[in-house]
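Asker:
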Amino acid sequence: MRSHLLSIDSLSRAHVDHLMRVAARMEPIAQRRQVTRVLEGAVLGNLFFEASTRTRVSFNAAFCRLGGSVCDTTGFTFSSMAKGESLYDTSRVLSGYCDAIVMRHPDQGSVAEFAEATHVPVINGGDGPGEHPSQALLDFYTIDKEFTRLGKRLAGAHVLLTGDLKYGRTVHSLIKLLSLYDPMRFTLVSPPGLEMPSRVIDRVESLGHRVEQRESLAGDFSDVDVVYTTRIQRERFTEEMNENFGALSRDFSVDRSFIDDHCSDSTIVMHPLPRDSRPGANDLDVDLNGDPRLAIFRQTDNGIPVRMAIFATLLEVDDLVEKDLRPVRWFVPARLGVDDPAF
Ligand code: ASP
Ligand code: CP
């Protein structure tokens with residue numbers, strides 16, 4: 110990680126460890142106990158050419174919590190790309206306005222192309238079915254925190270990745286990031302045609318990890334430490350795929366009965382979100398809400414300290430934050446969600 114964060118490929122284990130340490134130092138600010146202004150005067154450009162709630166808002170909030178300000182644009186319709194402006198020109202123009210840029214774009218490789226035209230730090234907020242590196246970092250931070258709470262170790266952990274592993278960019282980034290660490294075991298379960306790309310599996314195996322691919326969630330997963338489930342990315346399907354894709358069978362459904370019957374009390378359930386909660390969507394079921402094993406909202410909360418750490422590191426203020434803290438003065442509830450567990 111030098112000037113941009115585009116892919117997990119640019120990160121070493123030392124980079125990730127550093128970001129995790131910086132993120133931990135951001136917790137008092139993310140939890141709204143303290144305030145810093147280390148990025149006072151800095152401006153973030155938040156460019157989202159695809160739908161987003163978490164990534165767009167949490168990058169925005171993280172920059173503001175460091176004392177900076179944010180300019181954003183959403184969708185092609187309201188950007189001059191709708192008039193045929195290139196990524197190169199857009200990148201150079203934005204560089205004159207902003208000190209850091211986050212971009213989400215539907216085309217794989219587009220954020221890297223944008224970054225080639227600027228020396229201002231660029232963060233990939235998701236490039237089509239490519240990667241979503243900041244999501245992987247917050248997922249890893251979550252796994253680390255949950256494992257510490259549960260007294261577990263990362264080495265030898267068993268991680269189940271399920272759902273759309275072909276187009277789901279979060280799992281591409283996450284499995285690459287986890288494979289920087291000591292050997293683990295991965296079980297990959299996806300509907301036919303939505304398997305993890307073989308180039309990703311080959312790389313993970315070449316680093317000494319065990320990878321098993323399965324076609325359904327039937328069977329015993331009692332030794333699984335993490336169930337990471339993902340949404341079917343219908344928006345990336347071709348017309349033909351959409352026509353031929355029937356309703357998903359229950360074989361891919363992660364719900365309370367799957368976790369109760371096939372997993373253990375210390376299995377954590379993750380999802381990058383959004384989950385499709387419409388009837389028949391067959392995504393992660395809402396019947397796990399309130400179950401302490403469901404880590405999805407701890408995961409979203411962790412997006413703030415991790416994204417603060419990314420900005421602080423890229424803009425080289427990571428050593429200044431602790432010297433610049435003040436207590437907050439406004440009301441903050443002790444627990445954020447009505448179903449949040451006490452830990
Ligand atoms: N929000 C994640 C992404 O943008 C996952 C998803 O949309 O399913 O990659
Ligand atoms: N996890 C994630 O990227 O969510 P959004 O698509 O809402 O940004």
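Under my numbering, the first residue of the sequence shown is numbered 110, with each subsequent residue one higher. Here a beta-carbon is modelled for each residue, glycine too, at the ideal position from N, C-alpha and C.
Is any heavy atom of ligand 1 found at a distance shorter than 7 Å from the C-beta of P383?
Answerer: yes
Asker: Are there 16 or more other CB atoms within 10 angstroms of the CB of T339, so buried, or fewer, so exposed?
Answerer: buried
Asker: Let me check understanding here. Comparing Cα to Cα, which of Q217, Q244, P238 and L196 lies closest to T227?
Answerer: L196
Asker: Could you say which of E324, V430 and M190 lies nearest to E149 if we only look at CA atoms?
Answerer: V430
Asker: So, with DSSP's three-state summary, where would you put R143?
Answerer: Reading off the sequence shown, one finds Gln at residue 143, where the question assumed Arg. Here Q143 sits in strand by DSSP.
Asker: If I measure Cβ to Cβ from G317 and keep anything under 6 Å in the same chain, skipping five residues before and after, which residues do I get?
Answerer: Cβ neighbours of G317 beyond the five flanking positions: P292.
Asker: Which same chain residues end up closer than 8 Å to F440 when comparing Cβ atoms and leaving out the 5 residues on each side of it in sequence?
Answerer: none
Asker: How many angstroms separate the CA atom of N155 from the CA atom of H214?
Answerer: 12 Å
Asker: Quick one: is T162 buried, meaning 16 or more other Cβ sit within 10 Å of its Cβ, or exposed?
Answerer: Looking at its Cβ environment, which holds fewer than 16 other Cβ atoms inside 10 Å, T162 is exposed.
Asker: Shorter than 7 Å, the distance from the beta carbon of Q244 to the closest heavy atom of ligand 2, or not?
Answerer: Q244 Cβ: within cutoff of ligand 2.
Asker: What are the boundary residues of the beta strand (DSSP E) that includes A209?
Answerer: A209 to H214
Asker: Return yes when at least one heavy atom of ligand 2 lies under 7 Å from the C-beta of S282, else no.
Answerer: Checking every heavy atom of ligand 2 against the Cβ of S282, none is found closer than 7 Å.
Asker: My assumption, with CB atoms under 8 Å, is that T199 sits in contact with F223. Please give the rounded CB distance.
Answerer: The pair is a contact, with the Cβ atoms about 7 Å apart (cut-off 8 Å).
Asker: Between L424 and A151, is the Cβ-Cβ spacing less than 8 Å?
Answerer: yes
Asker: Write down every uninterrupted run of the alpha helix (DSSP H) in the segment 315 to 384 whose length is 4 residues or greater and which is fully enclosed by it, in chain order.
Answerer: For the segment 315 to 384, whole alpha helix (DSSP H) runs of length 4 or above, ordered along the chain, are 348 to 353 and 365 to 371.
Asker: Please report how far the alpha carbon of N391 lies from the alpha carbon of F354, in whole angstroms.
Answerer: Straight-line spacing of the CA atoms in N391 and F354 works out to 13 Å.
Asker: Taking the beta carbon of N351 as the centre, do at least 16 other beta carbons fall within 10 Å, making it buried, or is it exposed?
Answerer: Looking at its Cβ environment, which holds fewer than 16 other Cβ atoms inside 10 Å, N351 is exposed.
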